[in-house]
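The sequence shown: position 5 = 29 (the working numbering), numbered continuously. Below: the structure, in structure tokens.
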Amino acid sequence: MGVPSLFKWLKIKYQGVTTKMLKGLDYNVDCLYLDFNAIIHPCTIKECNSLEDVDRKLYENIDIYLNNLIHSVYPRKLIYISVDGPAPAAKIN
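This is how it looks when you write it as structure tokens:
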């Protein structure tokens, strides 16, 4: 379900906590914190024939996304992944 307005509060309290990444640039950071729900949903494919295909493609897409992200950011100390449970069906397009 998530914590209401947490992201907004973090951005106000810790200005610069988020960075819009530009293609072609490499970033070196100590820690990378990921809201995994924000990664899972865009990686979901709805055009597959079977549940097995959906799962396989989802894991492939997540693997590609994470590899691209990690090889762009180069976290030196920590990768922290948080998942707060499934999103309600009404929030999934």
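C-beta atoms are modelled at their ideal positions from N, C-alpha and C, and glycine is treated no differently.
Residue i versus the options, residue with shortest Cα-Cα distance
{"i": "Leu82", "options": "Leu93, His95, Asn92, Pro66", "result": "Pro66"}
{"i": "Phe31", "options": "Asn52, Leu49, Met45, Asp59", "result": "Asp59"}
{"i": "Lys47", "options": "Asp54, Leu93, Lys101", "result": "Leu93"}
{"i": "Leu90", "options": "Ile64, Val53, Tyr38, Gln39", "result": "Ile64"}
Three-state secondary structure (DSSP) of residue i
{"i": "Thr89", "result": "According to the sequence shown, residue 89 is Tyr rather than Thr. DSSP places Tyr89 in helix when its eight states are reduced to three."}
{"i": "Cys55", "result": "strand"}
{"i": "Lys44", "result": "coil"}
{"i": "Tyr83", "result": "helix"}
{"i": "Lys70", "result": "coil"}
Beta-carbon proximity check, residue i vs residue j, cutoff 7 Å
{"i": "Cys97", "j": "Leu56", "result": "The sequence as given places Val at residue 97; Cys does not occur at that position. Result yes, Cβ atoms of Val97 and Leu56 sit closer than 7 Å."}
{"i": "Arg100", "j": "Asp50", "result": "no"}
Cβ shell of residue i (< 8 Å), same chain only, five flanking positions each side left out
{"i": "Val41", "result": "Leu34, Lys35"}
Cβ neighbours of residue i in the same chain (closer than 6 Å, five flanking residues each side left out)
{"i": "Val78", "result": "Cys72"}
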